[in-house]
Amino acid sequence: MSLYELFSERTRANKPVALATVIDGPNIGAMLLVTPNDAAQGTLGNAELDRVVARDTQGELEAGRTSVRHYGPEGQTTPEDLVNTPTVRVFIDAFSPPPTMVIFGAVDFTSALARVAKVLGYHVLVCDAREVFATKRRFPMADEVLVTWPAPLFAERGAQLTQRDAVCILTHDPKFDVPAVVGALATNVGYIGVMGSRKTHAKRVERLVEAGVTDEQLLRLMSPIGLDIGARTPEETAISICGEIIARRTGRGAPSLRDGDGPIHK
Amino acid sequence: MRELLNDLDRWKAQGKQIALARVVDIEGSGPRDPGAAMAVNEDGEVIGSVSGGCVEGAVVAEALAILNGDKQPKLVKFGYSDDEAFAVGLTCGGIIHLFIQPLTW
């Protein structure tokens, strides 16, 4: 199999894979294909360089980061070793599987949110305990529609959720909301949004505290969910939620660019 | 590059020569992050993008020159500080570094 075929196969299977390419220096265009566990494929022209680049590339894969790194022709990395040697610049292009968005509650807001999440590249999972509502027919855009309660879902998937992933709880129903929030808080998920008015949320907080949720854990919850853009329809609300997810990830306050200064991209 | 795979597979099956261009670095403001990719085949068909449309035309010309020439990979840069900038520069004023290579791997 060629490197391209290996790359294409792994990417389609949503498995992490990275391509390290010499973009400057000896052996320009040479490539190494790196995965988290298997031996690297291809060569950059030197065994030691291959070993060092494969190691660094695995780190970038874990972080889901794309970068350019500098080496000596034999994999040297310290400044002293790099004096008097040509520099090999290596572009590390890391492809991590798409992030996951878990949406609890099979309601109208869910279908709009699932659509917007797909535009952003999420693997979308819709979950509701009510069999008549949680159907693939109602949510054709979702990657998975699961008829289950929050606890079993988190027992099965919770450990896989990371900072890149999001949980959105749109049920408005305490008997579903509380276990969903408790389950989400037990994971490392980067965003937890819970729908409901300020009043609903205040009541929910009481139930969560009864369920043993601490004040510190409550700070992780984004509720009422979404940015204050005056969203009313399910579609507008979906944009407001996804805008908030992006702003939380980048650490921005989400004002209009016109009203600020400094670079747009940081 | 994920979004290019279907077309790349088809071009490869048809035996087309392909050049792949990837954003490897951005200085200042840039519309697409490193990793953004486009590909050009020998017939001049284009998939993907590497900017907001500012430099794609110039990238196609570079890619075809590589496919029709020495087939050597090349690091190219487009941006405000270039003389060429006025012809093909980024409207946002950043500098974009692209690596263009034949897809023979």
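These protein sequence lines are chains F and Y, in that order.
Take the position in the first sequence, starting the count at 1, then add 334; the result is the number in this note's numbering.
Take the position in the second sequence, starting the count at 1, then add 7; the result is the number in this note's numbering.
Don't be surprised by glycine CBs; every beta carbon is placed ideally from N, CA and C.
Bear in mind the structure is a predicted one, so any value in this text is a computation, not a measurement.
- Using a Cβ-Cβ cut-off of 8 Å, S36(Y) is close to P597, I598, H599 of chain F, given in chain order.
- Beta-bridge annotation (DSSP): N48(Y) is paired with I25(Y).
- For the stretch 378 to 394 of chain F, there are no residues whose beta carbon sits under 8 Å from a beta carbon of chain Y.
- Following the DSSP letters along the chain, one finds G86(Y) inside the beta strand (DSSP E) bounded by residues 81 to 86.
- For A428(F), the closest of V351(F), T345(F), A446(F), R385(F) by C-alpha to C-alpha distance is V351(F).
- Counting of Cβ neighbours within 10 angstroms places R29(Y) among the buried residues, the total reaching 16 or more.
- In the three-state scheme derived from DSSP, where H, G and I count as helix and E and B as strand, Y525(F) is classed as strand.
- Sorting V47(Y), E52(Y), I103(Y) by C-alpha distance to the C-alpha of V83(Y) places I103(Y) at the top.
- Between V67(Y) and V47(Y) the beta-carbon gap is near 5 Å, inside 8 Å, which marks them as a contact.
- Taking 8 Å as the cut-off, the Cβ atoms of L459(F) and D477(F) count as close.
- Across the set D358(F), I357(F), L561(F), I580(F), the C-alpha of I580(F) shows the shortest separation from the C-alpha of M435(F).
- The C-beta distance from I503(F) to V516(F) rounds to 11 Å, too long to fall under 8 Å, and the pair is not in contact.
- Rounded to whole angstroms, T419(F) and V387(F) show a C-alpha spacing of 17 Å.
- Rounded to the nearest whole angstrom, the CA to CA distance from L542(F) to K19(Y) is 56 Å.
- Closest option to V402(F), judged by alpha-carbon separation, among A72(Y), L105(Y), V53(Y), L12(Y): L105(Y).
- Taking a cut-off of 8 Å for Cβ pairs, the stretch 438 to 457 of chain F and the stretch 467 to 482 of chain F touch, as three or more such pairs fall below it.
- When secondary structure is reduced to three states using DSSP, R346(F) falls in the helix class.
- For E465(F), no alpha helix (DSSP H) segment is defined, and its DSSP state is neither H nor E.
- Counting every other CB atom within 10 Å of its CB across the protein chains shown gives Q392(F) a total of 16 or more, marking it as buried.
- In this structure, the beta-carbon distance from L383(F) to V422(F) falls below 8 Å.
- Per DSSP, the beta bridge partners of M365(F) are T355(F), T377(F).
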